[in-house]
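J.: Sharing a structure with you now.
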Amino acid sequence: MKKIKVMIAEDERLAREELIYLLEQEEDLEILESAINGKELLALAEKHIPDVIFLDIQMPEMDGIQTARMLRARMKKLSIVFTTAHEGYAIDAFELNAVDYLLKPYSYLRLKETLQRVRTRKAEQAETPVGAKEEAASASKLNKILMDDGEKIVVIGPENILYAMREDKVIHLYTTDHHYTSSKFTLNELEEKLQGCHFFRPHRSYLINLNQVDELIPWFNGAYTLTLKDKNRTKIPVSRVSAKELFKLL
1 MKKIKVMIAE
11 DERLAREELI
21 YLLEQEEDLE
31 ILESAINGKE
41 LLALAEKHIP
51 DVIFLDIQMP
61 EMDGIQTARM
71 LRARMKKLSI
81 VFTTAHEGYA
91 IDAFELNAVD
101 YLLKPYSYLR
111 LKETLQRVRT
121 RKAEQAETPV
131 GAKEEAASAS
141 KLNKILMDDG
151 EKIVVIGPEN
161 ILYAMREDKV
171 IHLYTTDHHY
181 TSSKFTLNEL
191 EEKLQGCHFF
201 RPHRSYLINL
211 NQVDELIPWF
221 NGAYTLTLKD
231 KNRTKIPVSR
241 VSAKELFKLL
């Protein structure tokens, strides 16, 4: 039986040792070296290629959310389980497609539920035909977008998004009936999430829904101004470099 390779990133020694002890009770797990911060984890993960990482969020030097984003870019099949004493990072965790979100202190029974989810995901990955990998990866990017409006978490379908705009380090996302702001992810990350959903970058600071484009007006030096179908007839700049590709897509 091929064992599931497990890595732990936890800066508190007692919490790390307790988790190692509990995981050692499972016969199908191989416990790898542990890390005490995000930077160390990145190096160890590249060295050992774990199947799953139990990742604390509040760690020195680099927090767990930032580390998870970097790991996601390098290791597409990696399963991540966040372990934290704080509830406020749940949105970030599930936007990163985490297997689970363990709130400390957790019981052995709760941990076993998490491990079952890890095993299920591992089995699903093993059953995915080679020819279907690209299709599955594309489908995984059709997930809903989660936005926090200050009072509740809002689930947004890609089809309802008009455009997104980057301003300083904040993303402004406009839907057909609302405006949301977020500093939780970058425009590049949002574009990756929406890949395969008819979105396009006409300008480095904008991401638009191609299904919402109404007209294009020539500007100067090969650039254009794009008008969306919303009631405000929103105008979006189209750079000269992006214009040629945009016409192909339209």
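Oh and the sequence shown: position 197 is 197 in UniProt numbering, straight run, nothing missing.
Idealized CB from N, CA, C, for every residue including glycine.
Looking only at C-alpha atoms, which of L14, A45, I208 and H86 sits nearest to K250?
T.: Working through the sequence shown from its first residue, we reach residue 250 at position 250. Residue 250 is actually Leu in this sequence, not Lys. Closest by alpha carbon: I208.
J.: How should V130 be labelled, buried or exposed, when 16 other C-beta atoms within 10 angstroms of its C-beta is the threshold for buried?
T.: Walking along the sequence shown from the start, residue 130 turns up at place 130. Summary for V130: the model assigns pLDDT 44, below 50, so the residue's position carries little reliability, and this model does not support an answer.
J.: In angstroms, rounded to a whole number, what distance separates the CA positions of A132 and L14?
T.: Along the sequence shown, one-based indexing puts residue 132 at 132. Along the sequence shown, one-based indexing puts residue 14 at 14. Its pLDDT being 46, under 50, A132 is placed unreliably in this model, and the value from its coordinates should be taken loosely. Going from the Cα of A132 to the Cα of L14 covers about 43 Å.
J.: Three or more beta-carbon pairs under 8 Å between the stretch 163-179 and the stretch 35-48, yes or no?
T.: Contact between the stretch 163-179 and the stretch 35-48 is absent, because fewer than three Cβ pairs lie under 8 Å.
J.: To the nearest angstrom, how far is the alpha carbon of T186 from that of G64?
T.: Locating residue 186 in the sequence shown gives position 186, counting from the first residue. Locating residue 64 in the sequence shown gives position 64, counting from the first residue. About 17 Å.
J.: In its own chain, which residues sit with a C-beta less than 7 Å from the C-beta of D11, not counting the 5 before and 5 after it?
T.: Residue mapping note: residue 11 aligns to position 11 of the sequence shown, counting from 1. Cβ within range, chain order: I36, N37, D56, M59 and P60.
J.: Just verifying my parser: in three-state terms, what is the DSSP assignment at A243?
T.: Within the sequence shown, residue 243 is the residue found at index 243, counting from 1. Reduced to three states, the DSSP call for A243 is helix.
J.: Between E192, K2 and A68, which has its C-alpha nearest Y89's C-alpha?
T.: Taking the first residue of the sequence shown as position 1, residue 89 is located at position 89. For Y89, the nearest C-alpha among the options comes from A68.
J.: Rounded to whole angstroms, what's the CA-CA distance from S242 to L22? Just pull it up for me.
T.: Reading the sequence shown from its first residue, position 242 is the one you call residue 242. Reading the sequence shown from its first residue, position 22 is the one you call residue 22. Computed Cα separation, rounded: 53 Å.
J.: Please report the straight-line C-alpha distance between H179 and L78, rounded to a whole angstrom.
T.: Residue 179 sits at position 179 when you count from the first residue of the sequence shown. Residue 78 sits at position 78 when you count from the first residue of the sequence shown. Taking the straight line from one Cα to the other gives about 33 Å.
J.: Let me check understanding here. Comparing Cα to Cα, which of N160, L190 and L111 lies closest to D177?
T.: Walking along the sequence shown from the start, residue 177 turns up at place 177. Ranking the options by Cα distance to D177, first place goes to N160.
J.: Got a sec, what are the start and stop residues for the beta strand (DSSP E) residue 292 sits in?
T.: No answer is possible for residue 292: it lies beyond the span of the chain, which begins at 1 and ends at 250.
J.: In three-state DSSP terms, what is N209?
T.: Here residue 209 refers to the residue found at position 209 of the sequence shown. Strand, per DSSP.
J.: Quick one: measure Cβ to Cβ for I20 and I8, integer angstroms, because I've assumed they're closer than 8 Å.
T.: Taking the first residue of the sequence shown as 1, we reach residue 20 at position 20. Taking the first residue of the sequence shown as 1, we reach residue 8 at position 8. Their Cβ separation, rounded to whole angstroms, is 6 Å, which keeps I20 and I8 in contact under 8 Å.
J.: Helix, strand or coil for T84, going by three-state DSSP, please let me know.
T.: Working through the sequence shown from its first residue, we reach residue 84 at position 84. Strand at T84.
J.: Just how far apart, CA to CA, sit L111 and Y174?
T.: Within the sequence shown, the letter at position 111 stands for residue 111. Within the sequence shown, the letter at position 174 stands for residue 174. In a straight line, the C-alpha of L111 is about 39 Å away from that of Y174.
J.: Considering only residues of the same chain and omitting the five flanking positions on each side of R16, which have a CB-CB separation below 7 Å?
T.: Translated into the one-based positions of the sequence shown, residue 16 becomes position 16. I8, E10 and S34.
J.: For E135, which residues of its own chain have a beta-carbon under 7 Å away from its beta-carbon, when the five flanking residues on both sides are left out?
T.: Looking up residue 135 in the sequence shown gives position 135. Here the model assigns E135 a pLDDT of 46, short of 50, so the residue's position is not dependable, and the following value carries that caveat. Excluding positions up to five away in sequence, the list is empty.
J.: Going straight from the alpha carbon of N188 to that of P202, what length do you get?
T.: Here residue 188 corresponds to residue number 188 of the sequence shown, with the count starting at 1. Here residue 202 corresponds to residue number 202 of the sequence shown, with the count starting at 1. Going from the Cα of N188 to the Cα of P202 covers about 13 Å.
J.: Quick test of your reading: M62 and K39, contact by CB under 8 Å. State the CB separation rounded to the nearest angstrom.
T.: Here residue 62 refers to the residue found at position 62 when the sequence shown is read from its first residue. Here residue 39 refers to the residue found at position 39 when the sequence shown is read from its first residue. Going by Cβ atoms, the distance from M62 to K39 rounds to 5 Å, so yes, they are a contact pair.
J.: Excluding the 5 residues flanking I153 on each side, which residues of the same chain have their C-beta closer than 7 Å to its C-beta?
T.: Taking the first residue of the sequence shown as position 1, residue 153 is located at position 153. Closer than 7 Å at Cβ, skipping near neighbours: I91 and L146.
J.: Please say whether V238 and A223 have beta carbons closer to each other than 9 Å?
T.: In the sequence shown, counting from the first residue as 1, residue 223 sits at position 223. In the sequence shown, counting from the first residue as 1, residue 238 sits at position 238. Result yes, Cβ atoms of A223 and V238 sit closer than 9 Å.
J.: Grab me the residues of E30's own chain with a C-beta within less than 8 Å of its C-beta, minus the 5 sequence neighbours each way, in chain order.
T.: The sequence position of residue 30 within the sequence shown is 30, counting from 1. Counting only Cβ-Cβ distances below 8 Å, and skipping sequence neighbours, we find K3, I4, K5 and V6.
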